[in-house]
Amino acid sequence: MDIISELRRDLMEVLTRYGVEDHQAVTFERPKFEAHGELATNAAIVGAKQAKISPRALAERLKSDFLDDDRVQKIEIAGPGFLNFVFQPSVWVENLRYVIQKGQDFGASNRGRGQRVLLEFVSANPTGPLHIGHARGAVFGDSLARLLEFTGFDVTREYYLNDGGAQVDTLTRSVYLRYLEALGQKINISKDHYRGDYLKSVGVSLAKIYQDQFVDQTEEEWFDLFREFSINEMVEFIQQDLQCLGIKMDHFFSEATLSESGKIDQAIDRLEQRGLIYRGELPPPKGGAIDGWVPRQQKLFRSTRFGDDVDRPIQKSDDSWTYFAPDIAYHFDKISRGFDQLINVFGADHSGYIKRIRAVVMALSDDKVPIDIKVTQTVRVSKDGGAQKMSKRAGEFVQLREAVEAVGPDVTRFVMLMRKNDAQLDFDFDQVREQSADNPVFYVQYGHTRVCSALKLAAEKLESPVTDDDLAKADYAHLNHERQIALARRIAEWPRVVEQASRLHEPHRIVFFLYTVASEFHALWTLGHRQPELRIVQKGDPQGTLARLALARATAVAISSGLSILGVTPLKEMRG
RNA sequence: GGCCCCGUAGCUCAGCAGGAUAGAGCGACCGCCUCCUAAGCGGUAGGCCACAGGUUCGAAUCCUGUCGGGGCCGCCA
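Under the numbering used here, the first residue of the first sequence carries the number 1, and numbering increases by one thereafter.
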C-alpha cells in the first residue's frame, strides 16, 4: 500500500476507536500552506459530534495517540481543531521503494472492483472524417477509459453510429454525384450536399466497381447499395482517424439495427408499461424561438418526471419516430447488456440532450444504473498567430488528421487534456510545437528524459547497468535534503490524484499533477548546478548516487504512469 | 423567453467531497551557465474569486437572484 493510504487507514482506525464511524467528511490531505504541516486532517472537527466530545478534546486525544507513532515527527492542533502532521523524512523517502517496485502500476487500484462501464464517446455522424472538436471528445473519452481501467473498472469503448437518419441519405446522394464525377460528368454540388473532397475517392471506388451501371438510373436503383457502401467508407475513415490518436473502439453500435430488430418498439413498450408515454401537445417555446409554431398531437415521453424541462416527443405527426426514439432504444440496450454504469461523452452542441438522456436511463433502469454525461466544450484553433474559422458545411473545419500530422498524436492528446472537459480549449499549432518550457507537453517529457539520461550516465560512471532492483535496495538515508524529501512527498500523492480523477471522471487532473512533478524535478536538477550535493551522480559515492537515482527513477515512474493514462508515450530522449 | 456551461492576476486557466493567509503558466520587470543537457532555474509586481443576498463554526466552492460571455432549444439527425 502507498504511504498516504496507509497513514489514512491508520487515522481512520483510531477514529473508529473514539466512536467515529462515519469517515465520509474526513479529509487527510496536503494543506495549502506549508505551515500547516505535510498532511492535515479535519478529523477532530468533523468527528467531534460522533465522539461526543469537543473538537479540541478529540484533537488532543488523537494527537497524543499519534505522537507515539514513530513515523510522526510533529503534530500541531490549529484553529477549530485541525491536526497538522509532520512526518519523519524517512516516511517519504522509504515510500520510493514502493514506487519503484510498483513501476508502471504505481497509482493503480481496484477502486472499481471490476464494475462494467459502458463509455460512449465520439459518436459523430458517419458523414465524413473527424474534425478537431471530435478529437477532443475522442481523447477525453479514451483517456477516461484508461483512467478507469487503471483504477479497476472494466470499460467498453463504444461509438454510436447514426446510420439511420436523413444525414446519411444526404451523404448517399453526395456520393452518387461524386460517382458521376468520377465517370467524367460535370456535377453541381449544392448546399444540400456534403461538399468535402473526401467523398471523391468514394465516388472513384464506386465507378471502378460498377462502371456506368447506375448512370441515368432512378434513385431507387442505386440508393441502398450506395448508402451502405458510403457508410462503410465513412466508418473506415473514422476508424483511421481514431487510430491516428491511438484509439480503438470496442464496438460500433448501429442505429439502423435498432428499428430493424424491433428494439425501438420494445423500449417504448417498456416506457408505456410504466405509464410514461402519452399523447399530448407540447406548449410552444416561450420567447418565440421557433417561427410558425403549430400545436401538434404527438406521442410524448414523460421526461419531466425525471428532471427534464419538458416532456419530449418520440413520434412525429406522421407517426414515424423522432431521433429521440432510437436514442431511447439505444440506452435501453445499454442497460439490458448489464453494465453497472454508463458514461456518455457529448460535444458541446449536444448539451441540450443531457437531461432527456438521463431521464431515459432513470426510467428504463428504475434508477438502478447510474449515468454520467460529460460535455467537451469547443476547441478554438489558432495558427500563424490568428484564429481559424470553422464552418461546417463548407468543409473548412480543421480536421483531426491535420492536427495529428502537424504535431503528432502525443502532443495532440496532451493538449486536449490540458483543460477541464467543460472549459473551452485553445489549440495553438505554433505554441504546441515549441520545444521549450513554455510548452507543457515538452516540459513534462523533458523531465522524463532527464531521468533517463541520468540513469545512462550513472551506468557509465558506475560501470554497470543500474536496475530497478539495485535502486530498490539502496540506502535512502542519503536523501536528506529538504528539496529531495519534498519531491518524494509529491510523488507520494500520485495515488490520491488518480483516485480523485477516477472518481470525478476528470483526466485533466493527471496533466496538472504531472506538470507539478516535472516542475519540482527540474528545480531540483537545476539546484544541482549550485549545490553539487544535489546532483544525481555523486563522484566517489556509489551509495549516494544510487539513492539519488532512486528518487529520479521514482519521478520517471510517476510521470510515465501518468502519461500512460493520457495515452502519451514517455520519451527516453528528446530529439532535435 | 427557457435550459446547460462559463465568469478567479493584464492573458490562458487550476483550485482537491465547503476548510485555516488565494494558486500555476504566459506576458512584464530583475537575476542565475568554470556546474549530471540553460530545451533549465530563482525572484518581484499583479486578485473585493462578476455582483447581491442566504445556509454554515467556516464559502471561490453549496442555494437564490441580478449582470456579462458561449452553446442548445417542436415534425434535422
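Every residue gets a Cβ at the ideal spot worked out from N, C-alpha and C, and that includes glycine.
Taking 8 Å as the limit between beta carbons, can you name the residues of its chain near residue i, skipping five residues before and five after?
| i | result |
| --- | --- |
| Q266 | A329, F332 |
| Q104 | V557, S560, S561, S564 |
| K539 | K461 |
| R509 | V497, Q500, A501 |
| Q101 | D468, A472 |
| L524 | R483, Q484, L487, L534 |
Skipping 5 residues on each side, what residues in its chain have a beta carbon closer than 7 Å to that of residue i?
| i | result |
| --- | --- |
| V20 | G47, Q50, A51 |
| D2 | N95, Y98, A492, P495 |
| Y446 | M574 |
| F223 | T172 |
| R136 | T376, V379, M416, L425 |
Which residue or residues does DSSP assign as beta-bridge partners of residue i?
| i | result |
| --- | --- |
| T545 | Bridge partners of T545: none, in fact. |
| R157 | L119 |
| S254 | L161 |
| I373 | N344 |
| F28 | T41 |
| E76 | N84 |
| P313 | L300 |
| D426 | R380 |
| G307 | According to DSSP, G307 bridges with nothing at all. |
| G280 | Q298 |
| Q399 | H131 |
Whole angstroms are fine: how far does the CA of residue j sit from the CA of residue i?
| i | j | result |
| --- | --- | --- |
| A59 | E29 | 16 Å |
| D250 | K374 | 20 Å |
| I536 | V451 | 9 Å |
| T41 | L83 | 5 Å |
| D584 | D410 | There is no way to answer for residue 584, as the model of the chain reaches only from 1 to 576. |
| L425 | V511 | 14 Å |
| Q315 | F346 | 23 Å |
| L527 | E402 | 40 Å |
| R140 | D69 | In the sequence on display, residue 140 carries Phe and not Arg. If you take the alpha carbons of F140 and D69, they lie about 43 Å apart. |
| L457 | E463 | 10 Å |
| C244 | A124 | 16 Å |
| D22 | S90 | 31 Å |
| E647 | R358 | Outside the displayed range of the chain (1 to 576) lies residue 647, so it cannot be described from this structure. |
| R111 | F150 | 9 Å |
| L225 | A348 | 34 Å |
| T449 | K572 | 5 Å |
Report the option in the options whose CA atom is closest to the CA atom of residue i.
| i | options | result |
| --- | --- | --- |
| I578 | A43, Q377, L7 | Since the first and last residues shown for the chain are 1 and 576, residue 578 lies out of range. |
| R173 | Q240, H193, G164, L11 | H193 |
| D318 | R553, A325, Q298 | Q298 |
| D422 | T412, L504, S453, V404 | L504 |
| S519 | L546, E499, N439 | N439 |
| S254 | Y160, S109, E228 | Y160 |
| D311 | G280, I335, Y323, G338 | G280 |
| F442 | Y198, Q24, G408, R195 | G408 |
| L300 | M12, F513, L282, D308 | L282 |
| H36 | R337, G81, I277 | G81 |
| V369 | K355, D340, R358 | D340 |
| R61 | S365, V14, S464, E38 | V14 |
| V93 | D349, A554, K572, L566 | A554 |
| L551 | Q531, V517, K572, L571 | V517 |
| Y515 | E506, L225, R490 | R490 |
| D163 | Y18, P532, I231 | I231 |
| T127 | F324, Y198, L549, E506 | Y198 |
Within the same chain, show all residues whose beta-carbon is closer than 6 Å to that of residue i, passing over the 5 residues directly before and after it, in chain order.
| i | result |
| --- | --- |
| L258 | I264, P326, A329 |
| W293 | P284 |
| A182 | G203, V204, A207 |
Exercise. Hey, which unbroken runs of the alpha helix (DSSP H) at 4 residues or more fall wholly within the region 212-241?
Worked result: none
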